[in-house]
Each structure stands twice: as structure tokens, then as C-alpha cells.
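Protein chains: 2
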Amino acid sequence: MVTTPAQARPLRADAARNRALLLAAAADEFAEHGLEASVADIARRAGVGKGTVFRHFPTKDDLIAAIVVDRINDLRAAGERLLDADDAGAALLEFLTIAGGRRQQRDLSFLMGSGEWKPDVQQAHAGLFQAIETLVARAREHGAVRADVTGTDVFLLMCAPNYVSEYVPNGSPDLWRRYLAIIFDGLRPEGAHALPQPSPTL
Amino acid sequence: MVTTPAQARPLRADAARNRALLLAAAADEFAEHGLEASVADIARRAGVGKGTVFRHFPTKDDLIAAIVVDRINDLRAAGERLLDADDAGAALLEFLTIAGGRRQQRDLSFLMGSGEWKPDVQQAHAGLFQAIETLVARAREHGAVRADVTGTDVFLLMCAPNYVSEYVPNGSPDLWRRYLAIIFDGLRPEGAHALPQPSPTL
DNA sequence: TAACAAGTTGACCGCGCGGTCCGGTTATCG
DNA sequence: CGATAACCGGACCGCGCGGTCAACTTGTTA
Numbered sequence: 795m796v797t798t799p800a801q802a803r804p805l806r807a808d809a810a811r812n813r814a815l816l817l818a819a820a821a822d823e824f825a826e827h828g829l830e831a832s833v834a835d836i837a838r839r840a841g842v843g844k845g846t847v848f849r850h851f852p853t854k855d856d857l858i859a860a861i862v863v864d865r866i867n868d869l870r871a872a873g874e875r876l877l878d879a880d881d882a883g884a885a886l887l888e889f890l891t892i893a894g895g896r897r898q899q900r901d902l903s904f905l906m907g908s909g910e911w912k913p914d915v916q917q918a919h920a921g922l923f924q925a926i927e928t929l930v931a932r933a934r935e936h937g938a939v940r941a942d943v944t945g946t947d948v949f950l951l952m953c954a955p956n957y958v959s960e961y962v963p964n965g966s967p968d969l970w971r972r973y974l975a976i977i978f979d980g981l982r983p984e985g986a987h988a989l990p991q992p993s994p995t996l
Numbered sequence: 795m796v797t798t799p800a801q802a803r804p805l806r807a808d809a810a811r812n813r814a815l816l817l818a819a820a821a822d823e824f825a826e827h828g829l830e831a832s833v834a835d836i837a838r839r840a841g842v843g844k845g846t847v848f849r850h851f852p853t854k855d856d857l858i859a860a861i862v863v864d865r866i867n868d869l870r871a872a873g874e875r876l877l878d879a880d881d882a883g884a885a886l887l888e889f890l891t892i893a894g895g896r897r898q899q900r901d902l903s904f905l906m907g908s909g910e911w912k913p914d915v916q917q918a919h920a921g922l923f924q925a926i927e928t929l930v931a932r933a934r935e936h937g938a939v940r941a942d943v944t945g946t947d948v949f950l951l952m953c954a955p956n957y958v959s960e961y962v963p964n965g966s967p968d969l970w971r972r973y974l975a976i977i978f979d980g981l982r983p984e985g986a987h988a989l990p991q992p993s994p995t996l
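Protein chains in written order, with this note's numbering: chain A, 795 to 996; chain B, 795 to 996.
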């Protein structure tokens, strides 16, 4: 599940292995300690020198971006796989469940909304957004989601369950499901009240 | 709105003024740059030396805690003021609207869930929680909120609208109202689906 | 296998942070 | 007013961070 962009010369065997180790170690470290995890710790976890990190990723931000792109594409693939489901409403719920199940999102999740990103991240971003938009449109046509909710709304609300359940110290690791259920009920047409603000555009 | 605990000897006039300036400057700085805002910047904004900050608040965490306590008590007071409203459902919605309107919550909001806090913060915390619990109980009895939702749930969901709308770069400052409306619809009894996980305890 | 380019490493750098401290200043009160 | 203690300020400290570099190792290729 690692992005290995086609290069002029392919990576040397050990270099490719180290790159993969690094991405895995970084993902773990970020999941545990948030984005403040130090590059030195990541290198140690990968069993690699600090210099190697900067050879593969010129900047800590580049490393983060690489992971974010992987995660986003991952999720987009899952979303697209659900596009031809029979029950569009269930498909959307399933998608949000998959998104919530990606534990490693943690602090990474909040990256998904901002705008100051390298082109490749923005592109991955746009792809995911497209998938969600379609998923939501189908669910809306299907009558499974209220008429005044947009893909952007779902895109933004996607990480809220994880965010909310983050702050329960000894909570069940599945607690986010509870809040996804509540929020999803808020997206349903039954008993919906008019929304006070227009949906934003990203 | 500043907590000035009764001391053995009252603060000197200039010291009290500086303390207030400091709290205001810190709140602004945290609201703008998040908790990473440096103490030096806060001091500069307050027009005060860095040493003065540490005279009033031995640690940066103490400064944060002071602000958090103020915010929490503020919100609790607003909540308690709504306890004798006629329409318990409207009161709860009003409370959540007030909570969302407190712009300075930003990065401070995420403090409200964690457990590693000084006693005075935990105490303020408990007070706010109590108020919310009562508010929710009344709304539940009033049939304005689904039966399977607890005070803890609302406590946790309280900051979600702000969190969600944070990631819209040029969004309306009132965008959070949209997401509050959606989430609140999810709290209503109409069209509620069973929740997959039990409510947590803090 | 020889030779070279690609990759690795960890000591090193500059920076900005939270926190300290002491010489100078100022509110306060007899 | 004058003495005193409370208070202020900013130079200073140690630390850990992201990032650099030159000496060394290793996969690759002819």
C-alpha cells in the first residue's frame, strides 16, 4: 500500500526496503505521538540512521505528505469500490465505517481539510473528494440522506467520530462507532430540520 | 471574566493589571496560533517581559490551565442559567449554540476531554459536566432528545461543530452552526437508529 | 571481480523553545 | 517621605528539534 512513483532509475533494493520501513515506522510513530513525533524517533523505530530519512524525504513535511497521500488513496479506493453497491445509503454508511476504522488517522485526519499542500496531496485530496461526492449523491437520490446535505459536508464530518472519541481516556476502541451512528442519523431525511448555513465549498 | 482566587495578600495594582493583560493576550494568541504559541509572543502581545509571565504562571501549562478554567466556568454558568427554561430541548440547543459561539475554544476545546489535569481544572470540568448532564436529562424527559443519548455524549460532541468547520479555509465564521444543526438532528428522537456502542464514562 | 555510483550513517549545526535569575523599578504603607 | 518588599524585565541557560555533510559501506553492472 506504498506509493512508489516510477523513477528514472529504480531504487536500489536496500533503499526500497528502507523506504518502506520508514513509511511504516513513521505511520506508527505519528499514530502514537501525533505529528510532533521526532524524525530521530522515527529513524530509530525503522532501525535506520537519521540521515536516511532525509535522503528519502527531503523534509519532515514530505514524509508526512507521503503518508497522507497513501492514506487518502487507500480510502478513495475503498470508496470507489462501494460505488456500484445496491443500497446507496448502506454504501455511504459502510464507507464512513471504513474511514473510522482506519485507526492511524488520529492526528493525520485533521490534515484532510486544510489547503496548504503540495500538488500531489491536493490531487489525492481531490480524488477522494470526488468519490465521496458521488457516494453522497447516490445516497441522496436514493432517499437515504437528507436533500440539503452535500459531499463536502460528509467529507468534513468524516473524521468527527474519531475526533470525538479520542478524548475518552479508557474508552473502547470502537467508541467512534457510537458517534458515527449519531452523526449519520443526523444525515438522514427523517426528522431533519432546515440547516442555518449554506454548505461550504473547498 | 478572570479568575482571581482570593490570596493571603492581594496583588499589587500593576501586578493585577498585568495578570489580566496576560490572560487576555494568551487567550488571543492561543486562539490564533494554537497551543504552540510561544510564551515570548504572549508576553510581547501583553506588553510585558517574559519573566513576568512566569511570575504569574510558574509554567506554560499553568497559564493554559488558568484560561481553560475560566472558559469552562463561563460555559457552566451559561448552562446553569438555562436550567429553568420552559422548553428543555430548546435550552439544550441554545447551550450548544453558546458553546459553539465561544470562538476562542479552537485548540483549547480539545483539552476538555482528557484526564491529565490539575485538581482545579478537573473540578471546573466536573462542574460543567454536571450542568450538561442535567440539561440533557431534562431534554430527554421532555422528549426532545433520544432516550439512548447521555450527558457524556453531548459533552463529547459539544466541540465537534467547531472542529469540523475549522478545516474550511475561507468558510463563514458561522459555519459551525450548520454542523451543530446536523449533529443535533442526530440527537433527536425522530428517526433514531439503535447505537452500536454503550455510552462511555469519564 | 573490479570499479563506481547509490545509499547509509551519526556527529554536527543553528534555532527557538520553556524556564531561571538577579539587578533595577515601583506600588504601598507607616 | 522614605523604607521595604513586591514586582518587572530581558539576558541567559540547556534542551531537543529539523536539517546538513563528509567519510564510509554496499548493491549493481559490465
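Glycine residues also receive a C-beta, built at the ideal position from the N, C-alpha and C atoms. Since the structure is predicted, the reported quantities are computational estimates derived from the model, not experimental observations.
Straight-line gap, residue i to residue j (C-alpha atoms, nearest Å)
| i | j | result |
| --- | --- | --- |
| Glu910(A) | Thr995(A) | 16 Å |
| Pro963(B) | Arg870(A) | 22 Å |
| Ile861(B) | Leu815(B) | 12 Å |
| Val958(B) | Gln991(A) | 14 Å |
| Asn812(A) | Ala840(A) | 8 Å |
| Asp822(A) | Ile836(A) | 9 Å |
| Leu887(B) | Ile866(B) | 18 Å |
| Ala810(A) | Arg849(A) | 12 Å |
| Arg875(B) | Asp868(B) | 11 Å |
| Pro954(A) | Trp970(A) | The sequence as given places Ala at residue 954(A); Pro does not occur at that position. For Ala954(A) and Trp970(A), the distance between alpha carbons rounds to 9 Å. |
| Thr944(B) | Phe978(A) | 17 Å |
| Gln916(B) | Gln924(B) | 12 Å |
| Asn956(B) | Arg806(A) | 47 Å |
| Met795(B) | Ala933(B) | Unreliable placement is indicated for Met795(B), whose pLDDT of 47 sits below 50; no coordinate value is reported for it. |
| Pro967(B) | Pro967(A) | 33 Å |
| Val842(A) | Asp914(A) | 26 Å |
| Ile892(B) | Pro804(B) | 33 Å |
| Val847(A) | Thr846(B) | 41 Å |
| Leu829(A) | Ala879(A) | 36 Å |
Short Cβ contact (9 Å threshold) for residue i with residue j
| i | j | result |
| --- | --- | --- |
| Asp947(B) | Tyr973(A) | yes |
| Gly980(B) | Gly980(A) | yes |
| Leu929(A) | Leu989(A) | no |
| Met952(A) | Ile926(A) | yes |
| Val863(A) | Ala918(A) | yes |
| Gly985(A) | Glu984(B) | yes |
| Ala882(A) | Glu935(A) | yes |
| Lys912(B) | Ala825(B) | no |
| Ala820(A) | Leu857(A) | yes |
| Ala872(A) | Phe889(A) | yes |
| Arg982(A) | Val939(A) | yes |
| Tyr961(A) | Leu950(B) | yes |
Where residue i falls: helix, strand or coil (DSSP)
| i | result |
| --- | --- |
| Ala831(B) | coil |
| Phe851(A) | coil |
| Ala988(A) | coil |
| Glu935(A) | helix |
| Ala837(B) | helix |
| Val880(B) | It should be noted that the sequence gives Asp, not Val, for residue 880(B). The answer is coil: DSSP assigns Asp880(B) none of H, G, I, E or B. |
| Thr928(B) | helix |
| Pro955(A) | helix |
| Asp914(A) | helix |
| Tyr961(B) | coil |
| Arg982(B) | coil |
| Asp864(B) | helix |
| Arg971(A) | helix |
| Ala893(B) | helix |
| Asp768(A) | The displayed coordinates of chain A run from 795 to 996. Any statement about residue 768(A) would go beyond what the structure contains. |
| Arg875(A) | helix |
| Arg803(B) | coil |
| Leu857(A) | helix |
| Thr995(A) | coil |
| Gly921(A) | helix |
| Gly843(A) | coil |
| Met795(A) | In this prediction, Met795(A) has a pLDDT of 47, which is less than 50 and means its spatial position is unreliable; what the coordinates show is noted afterwards. Three-state result, Met795(A): coil. |
For the region 979 to 990 of chain A, enumerate the residues whose C-beta is nearer than 7 Å to any C-beta of chain B, in chain order.
Asp979, Gly980, Leu981, Arg982, Glu984, Gly985, Ala986, His987, Leu989, Pro990
Can you pull out the residues from the region 955 to 973 of chain A whose beta carbon lies closer than 8 Å to at least one beta carbon of chain B?
Tyr957, Val958, Ser959, Glu960, Tyr961, Val962, Pro963, Gly965, Ser966, Asp968, Leu969, Arg971, Arg972, Tyr973
Which of the residues in the region 860 to 894 of chain B, read from start to end, lie with their CB under 9 Å from any CB of chain A?
none
Members of the region 917 to 938 of chain B near chain A, C-beta cut-off 9 Å:
none
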